[in-house]
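According to the numbering used here, the sequence shown holds residues 231 to 378 in order.
Cβ coordinates follow ideal geometry from the N, Cα and C atoms, glycine included.
Model, not experiment: these values are computed from the prediction.
Report on the following structure.
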Amino acid sequence: MSAWRCPPASVLAARWCCSEGAFPTLDLAAELRLGQLLRALAARRLLCSAQYISDGGLAVAIAESVLLGGTGATLTVDGQPEIGLFSEDQGRAIVTCQPEAAGTVRSLAERYGVVATVVGETGGDRLIVKDAFELTLQTLREAWEAEA
């Protein structure tokens, strides 16, 4: 079975933000909207990939995605990198799409009541999070496999 490979794409993060300070609560309506959005994007074939952000936060989700897809990514994380990268808040996903589809993806996200933010682009042989770290895919794969 061969994986569907998507050329370099925009990376969008769809997320809801919880109020500062309080432990995040489960918002089932928000989870439903995210699921509906992801299904709509997939039905329109606008996605190259989609990964729910849960265990390990954005850092683990993007690491899994670049290793599976075999291509790097360059991201910018707002605020404190530790929080942006490792927060396990509910109802977040990271998706990739063709650059020309990014506007449509954002419009559909707005229609479904989902906040979508462009956080970077895919391509190359490195996972780069600006102001945080830069790893080659080979180094990342070796570390990942050593933990398996």
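Can you give me the start and stop residues for the alpha helix (DSSP H) that residue i sits inside?
i: T324; result: It should be noted that the sequence gives Ile, not Thr, for residue 324. First-last for I324: A323 to C327, but that is the beta strand (DSSP E), not the alpha helix (DSSP H).
i: A376; result: L367 to E377
i: T334; result: A332 to R341
i: Q290; result: Per the sequence shown, residue 290 should be read as Val rather than Gln. First-last of the alpha helix (DSSP H) with V290: G287 to G299.
Return helix, strand or coil for residue i, following the three-state DSSP convention.
i: S279; result: strand
i: A362; result: coil
i: G265; result: helix
i: T255; result: coil
i: C236; result: Because C236 sits at a pLDDT of 46, beneath the cut-off of 50, its placement in the model cannot be relied upon, and the point is left open.
i: E318; result: coil
i: G309; result: coil
If residue i and residue j are in contact, beta carbons under 8 Å, what's the gap, nearest whole angstrom?
i: L305; j: K360; result: 7 Å
i: L277; j: T326; result: 7 Å
i: G302; j: T352; result: 7 Å
i: V344; j: R263; result: 6 Å
Quick one: give me the first and last residue of the beta strand (DSSP E) that residue i is part of.
i: V348; result: V345 to T352
*Would the stretch 308-319 and the stretch 267-280 be scored as touching if the rule is three or more Cβ pairs under 8 Å?*
The answer is no - the stretch 267-280 does not touch the stretch 308-319, with fewer than three Cβ pairs under 8 Å.
*How do the stretch 296-307 and the stretch 365-378 stand: do at least 3 beta-carbon pairs fall below 8 Å, yes or no?*
At 8 Å Cβ cutoff, the stretches touch.
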